[in-house]
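Residue numbers (the numbering used here): 679 to 1374.
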């Protein structure tokens, strides 16, 4: 059939099909005016988007991850101001990131359809690319449905584009499970309202001994008031000492405590410069009597006059005090002196400690060490001199009444003190008596002691040794609980006579309160409950070395809090620390339930794949910006005669049911490879367009 027409001066004539459904039947041009022709074009913006946007999204995720990870162990959740906007912005970026990724991949898709490597096999696979079906769940669902019907509509190009799209589609929702908003704190520029003593009034006390003793006897945990921050050096692993949760409790269960800086406390985290007290205390169980440095010199000590009474109920009974050196003393306590045998444990306690004594006259009263000029002069440049507290305990068990058989008594001693003699000895007949060899050198007249009852068992001695130090000064404090740049201060002003009295140095009050009743070690260490019947006291077992160590640790912690905070917990009498900066409660970013590495791996694959496609194909010349509807219309027009010959082309079913499409070529290439001016259409393999050629 002859056919001719004129369109803007151009004449078309029919041509003969080549190779069946090979090249399209494109009507040939006459020698008259020609159609405009152009080189294939570049669309660099889509290439830039494909390279830059995934990289920026991944980098933003990495920045958020790094920011949150730096404070992963920060239970305060101290963050930046308005971090909730960072959280919200991430999801906004996610929406734009997914669309930008699709925008860039659509451009790369058009270039890759020219490629020998990525060209599709037939027109049916090309049509499956229409509408960017690879970019969303609808297309993915359709792909899997066709697979179930054993129809492969997708080529490798569609699969690689769908893979990159699916990764980003999964990564963004998953990232929402990585981060979450929690209650935290952010910085404000206001000075904080704090509680705690100051340098000016540190020595003006009306009494802190009694509260320390009361809280210690009750076994109250030394919880720092207010925000409750016990500051440590930056290198200290705070979780090792239980200081990662707030408010902090001064460590009790470790024998290698770090130095702690106690500063006035606010109700919120603060940072800046603050005056306070640095303390260090460590108590450990002693396994050998030779490990003591004060008590092991008991036999070479000088017995001082009886300077202290044993008990207010028995003022006539005195306890021995031994001088080991001008600064070291031993105090002896024996539960049998002036006591009725109304308890089932009898004890002998020796306490060695560091004390300051004015002069060398042994009759001069012993004066506790305080924060005087001499104290600071003895440790210049912030050096901290150690002071020692040692305690050895001997215990014996005996029946006190008919109640005794009703109870089990635990005779277990966890860590016995080796190399120590005993105030109790067993006779040939199995009875227990006082050891005069042990007691006489410390000034105890055995003949004056009360008669020993029938002793059932004698425990191996136990011992604990404590080392402590302290000073006053200023330091820079951080919200996470660290301090640095400690500078020792001068002596706080001494009070006038009617303004109180100067405090003893840290550790001296502990030395005083542990000289009291044996019951206090039991209650303060949270040992098993003591039973009481009328006037009789029944202990369920011997006090263990670990319990004694806990008791002494608690005494030090309680004393430290009283020295710094005087029992304050309310802010009614608070004051402003103008050298520090305060905080306020706000929502801050923290990690959620999903490990951050999972979305990061997905984002990394997405970014790398987009980068490779963007660099290699994003800037290549191609026939159109994307595989759009106009391109498909043009390709269909080129094959109109071939398609019309198929009886089922007009069916209203989906295109995948039109098998004739599988026989049409799918390469977007050069339909006139042998002519100077080519034509872009669907062509057999091997006819990829040349970038330098012109096409219409």
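C-beta: ideal position from N, C-alpha, C; glycine also.
Pair within 7 Å by beta-carbon distance, residue i and residue j
{"i": "residue 778", "j": "residue 731", "result": "yes"}
{"i": "residue 800", "j": "residue 1340", "result": "yes"}
{"i": "residue 950", "j": "residue 1259", "result": "yes"}
{"i": "residue 1047", "j": "residue 1214", "result": "no"}
{"i": "residue 811", "j": "residue 817", "result": "yes"}
{"i": "residue 932", "j": "residue 919", "result": "yes"}
{"i": "residue 1168", "j": "residue 1233", "result": "no"}
{"i": "residue 753", "j": "residue 913", "result": "no"}
{"i": "residue 1209", "j": "residue 1135", "result": "no"}
{"i": "residue 971", "j": "residue 1005", "result": "no"}
{"i": "residue 871", "j": "residue 1252", "result": "yes"}
{"i": "residue 1010", "j": "residue 1120", "result": "yes"}
{"i": "residue 901", "j": "residue 875", "result": "no"}
{"i": "residue 882", "j": "residue 1173", "result": "yes"}
{"i": "residue 757", "j": "residue 856", "result": "no"}
Reduced DSSP category for residue i - H, G, I as helix; E, B as strand; rest coil
{"i": "residue 770", "result": "helix"}
{"i": "residue 1371", "result": "coil"}
{"i": "residue 1244", "result": "coil"}
{"i": "residue 1366", "result": "coil"}
{"i": "residue 777", "result": "helix"}
{"i": "residue 853", "result": "helix"}
{"i": "residue 958", "result": "strand"}
{"i": "residue 1163", "result": "strand"}
{"i": "residue 1193", "result": "coil"}
{"i": "residue 908", "result": "coil"}
{"i": "residue 1234", "result": "helix"}
{"i": "residue 915", "result": "coil"}
{"i": "residue 1028", "result": "strand"}
{"i": "residue 940", "result": "strand"}
{"i": "residue 1016", "result": "Any reading at residue 1016 must be qualified, since the residue scores a pLDDT of 45, below 50, and its modelled position is unreliable; the value itself is stated next. Residue 1016 falls in the coil class under three-state DSSP."}
{"i": "residue 807", "result": "helix"}
{"i": "residue 1096", "result": "strand"}
{"i": "residue 949", "result": "strand"}
{"i": "residue 1103", "result": "strand"}
{"i": "residue 760", "result": "coil"}
{"i": "residue 1116", "result": "helix"}
{"i": "residue 902", "result": "coil"}
{"i": "residue 1355", "result": "strand"}
Same chain only: Cβ atoms within 7 Å of residue i, ignoring 5 sequence neighbours per side
{"i": "residue 974", "result": "967 and 968"}
{"i": "residue 1116", "result": "1099, 1100 and 1101"}
{"i": "residue 1344", "result": "797, 798, 799, 800, 801, 803, 804 and 1360"}
{"i": "residue 1365", "result": "1345, 1347, 1348 and 1351"}
{"i": "residue 820", "result": "811"}
{"i": "residue 991", "result": "Confidence in residue 991 is poor, its pLDDT being 33 and thus under 50, which makes the residue's placement too unreliable to answer from."}
{"i": "residue 1247", "result": "903"}
Option nearest residue i by Cα separation, candidates the options
{"i": "residue 768", "options": "852, 828, 844 and 789", "result": "852"}
{"i": "residue 742", "options": "897, 1274, 1362 and 1284", "result": "1274"}
{"i": "residue 1201", "options": "1315, 1221 and 1212", "result": "1221"}
{"i": "residue 915", "options": "936, 928 and 907", "result": "936"}
{"i": "residue 898", "options": "1027, 1284, 1237 and 770", "result": "1237"}
{"i": "residue 1230", "options": "1151, 1067 and 1361", "result": "1067"}
{"i": "residue 1061", "options": "1240, 1291, 888 and 1163", "result": "1163"}
{"i": "residue 1342", "options": "1352, 1354, 1027 and 1362", "result": "1362"}
{"i": "residue 905", "options": "891, 1288, 947 and 1337", "result": "947"}
{"i": "residue 792", "options": "1296, 1337, 877 and 873", "result": "1296"}
{"i": "residue 887", "options": "1249, 733 and 1180", "result": "1180"}
Other residues of its chain near residue i: CB distance less than 6 Å, five sequence neighbours each side excluded
{"i": "residue 985", "result": "Because residue 985 sits at a pLDDT of 44, beneath the cut-off of 50, its placement in the model cannot be relied upon, and the following sentence gives the value as read from the coordinates. Excluding sequence neighbours, residue 985 sits near 999."}
{"i": "residue 1356", "result": "1348, 1350, 1371 and 1373"}
{"i": "residue 1358", "result": "1301 and 1373"}
{"i": "residue 755", "result": "860, 862, 1266 and 1268"}
{"i": "residue 1227", "result": "961, 963 and 1142"}
Within-7 Å CB hit, residue i to chain D
{"i": "residue 1122", "result": "Protein chains in the displayed structure number just one, and chain D is not present."}
Nonlocal neighbours in the same chain, by C-beta distance under 8 Å from residue i, ignoring five residues either side
{"i": "residue 849", "result": "1277, 1280, 1281 and 1284"}
{"i": "residue 808", "result": "1305, 1307 and 1310"}
{"i": "residue 1207", "result": "1218"}
{"i": "residue 1085", "result": "1209, 1216 and 1218"}
{"i": "residue 1165", "result": "1060, 1151, 1152 and 1153"}
{"i": "residue 1049", "result": "880, 881, 1150, 1169, 1170, 1180, 1181 and 1183"}
Distance cut-off 6 Å: residue i Cβ against heavy atoms of the ligand PLP
{"i": "residue 1241", "result": "No copy of the ligand PLP appears in this structure; indeed no ligand is present at all."}
Taking contact to mean at least 3 C-beta pairs separated by less than 8 Å, is the stretch 1304-1313 in contact with the stretch 773-793? yes
Under 8 Å: do the stretch 1061-1078 and the stretch 1185-1198 share three or more Cβ pairs, one atom per stretch? yes
Within 8 Å, do at least three Cβ pairs link the stretch 713-720 to the stretch 1261-1273? no
Is the stretch 1146-1160 touching the stretch 948-962, taking contact as three or more C-beta pairs under 8 Å? yes
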